[in-house]
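Data block below; observations after.
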Amino acid sequence: MKTINNLIFIAAAFPLLVLFSPGCATVVKEIQPPSGTLSFKTIAVQVSAKEDVNKQLAERFAAAFVKKMKDAKLYDNVVTGPGQPKDLTLKLDITRIEEGSANLRFVNMGGEGEIYLDGSLIQNKKTIGTFSVKGTSQSKSQKTVNGVPVTKINEISQDRMALAFESASKGLVDYLKSKKH
């Protein structure tokens with residue numbers, strides 16, 4: 125009887141664990157750490173996408189990321205396309221974009237927008253560092269009523285891809301900032 129009660133408790137608690145688990149908005153996983161600091165005046169940003177990735181969404185991410193880089197003022201110049209050999213080149217390959225589901229967000233069961241990227245840092249045609257990035261539209265903090273997470277209607281219908289792109293862009297800028305000094 126005790127085993128059955130334990131199983132019932134676990135079965136009842138599992139959905140609550142899923143509901144109350146806080147999400148991480150961005151994950152940057154370093155594969156090959158850059159050699160040395162990234163103290164360059166100019167960074168050339170090149171964004172490409174796998175064949176099956178929505179090209180319009182890929183272009184939106186590229187524009188959002190370049191804007192975030194310029195706003196961060198980590199480098200004197202942020203250019204798109206190929207840079208000079210002495211410059212740092214950041215190549216980003218969008219491997220997957222998932223737009224999420226408003227229905228799942230409504231019942232607080234996920235459904236967030238996500239973007240996955242592979243990145244490499246290049247100088248003088250030589251790769252000096254590689255990493256992968258996952259950006260999601262999920263907030264690190266949840267709104268609650270009496271300790272129970274709630275989702276507002278406007279959060280369900282928000283442009284989840286814009287939030288995922290912002291998340292990935294911020295994670296990339298923070299990563300580059302940590303490697304600059």
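Per our numbering: the sequence shown = residues 125 to 305.
Positions of the beta carbon are idealized from the N, C-alpha and C atoms, including for glycine.
Next item on the list: Grab the span of the alpha helix (DSSP H) containing L245 for me, first residue to last.
Entry: Segment E238 to Q247 is the beta strand (DSSP E) holding L245; no alpha helix (DSSP H) there.
Check: Is G259 helix, strand or coil by DSSP?
Finding: Note: G259 maps to strand in three-state DSSP.
Next item on the list: Give the DSSP-derived three-state secondary structure of L214 in the structure shown.
Entry: In this structure, DSSP gives L214 an extended state, which the three-state scheme calls strand.
Checklist line | Whole-angstrom distance between K250 and F185, CA atom to CA atom | finding: Answer to the nearest angstrom: the Cα atoms are 25 Å apart.
Notebook entry, point to check: For F121, which of P209, L212 and F289 has the nearest alpha-carbon?
Noted result: Given a span of 125 to 305 for the chain in the structure shown, any question on residue 121 remains unanswerable.
Note to self: Given this structure, state the Cα-to-Cα distance separating A173 from S302, to the nearest angstrom.
What the structure shows: Looking at the two C-alpha atoms, the distance is approximately 26 Å.
Next item on the list: Consult DSSP for T161 and reduce its assignment to one of helix, strand or coil.
Entry: In this structure, T161 counts as coil in the three-state DSSP scheme.
Next item on the list: May I ask you to list the residues that DSSP assigns as paired with I221?
Entry: DSSP, once it has assigned bridges, lists I239 as partnering I221.
Note to self: I need the DSSP call for D156, collapsed to helix, strand or coil.
What the structure shows: According to the sequence provided, residue 156 is Gln. The question's Asp does not apply to it. The answer is strand: DSSP assigns Q156 an E or B state.
Margin query: Restricting to Cα atoms, I'd like to know which of P158, L296 and L287 is closest to G224.
Written below: G224 has its Cα closest to that of L287, out of P158, L296 and L287.
Check: Would DSSP call K250 helix, strand or coil?
Finding: If DSSP states are grouped into helix, strand and coil, K250 belongs with the strands.
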